[in-house]
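Numbering (this note's numbering), first residue to last: 34 to 216.
Data block below; observations after.
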Amino acid sequence: MSRYSLVQGSLCIEPESGSTYEIRVMGVKKPVLLSEVTYTSEVSNIAFVHSDTDDDYITDGNNKFVTSPNIFKAGDMVRVSNSLTNDGEYLAKTVVLGRITLHNKEVLTSEGISANQITFTTVTPFEEDYQDAISSLAASRIADKFALGGGDRIARAFNSDLADLIAENEFQEGNFRAEYGDL
């Protein structure tokens, strides 16, 4: 009986010598992104405040953190870019007009009103719902035939589209099924 397993993100096959196998990619799932919020400030409106006694926070003189379409919410991971010293990802504890207060474990470096345009983007969580990662490649869930004389990696045996898909996705046990037969 053959064996197959995941090794460093690749499916490895240990077939019986001379056997031919069909590998079907079954139920491979790819998370669906929720909508993303991005806000680029005007020049001279953003300040980063570090506090030794309270939670650190970010202020916006134009009060755009809660103005549509730039609605940030408590619990969002917010990615900051183009600041002088605070580029990174931070967990928002509260969001009110003109201020994002960060979770108490988040630490900023105080940075007065910045002359830069600062960009804030939510680090989008993955939705609980999933879509088939290979649905755009083939409705038949892609089945390729190949013969192996010893252990090999699936990416070498499949066509280039599927090999690229395998390289781009993190597969888990149970997503593959090996079948015997004249294929």
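Every residue, glycine too, gets a C-beta built ideally from N, C-alpha and C.
Asked: Give me whichever residues DSSP pairs with D93 in a beta bridge.; Found: I79
Asked: What are the partner residues of A125, as DSSP defines its beta bridges?; Found: L135
Asked: Could you name the residues of the same chain whose beta carbon sits closer than 8 angstroms to that of R132, not counting the 5 residues immediately before and after it, in chain order?; Found: Y90, I91, T92, D93, F98
Asked: Rounded to whole angstroms, what's the CA-CA distance from E144 to T118? Just pull it up for me.; Found: 7 angstroms
Asked: For V128, which of S77, Q150, H136 has the nearest alpha-carbon?; Found: H136
Asked: Consult DSSP for I151 and reduce its assignment to one of helix, strand or coil.; Found: coil
Asked: I'd like to know whether the C-beta atoms of I146 and N115 end up nearer to each other than 9 angstroms.; Found: no
Asked: Please report how far the alpha carbon of N3 lies from the alpha carbon of K138, in whole angstroms.; Found: Here the chain covers residues 34 to 216 and nothing more, so residue 3 does not appear.
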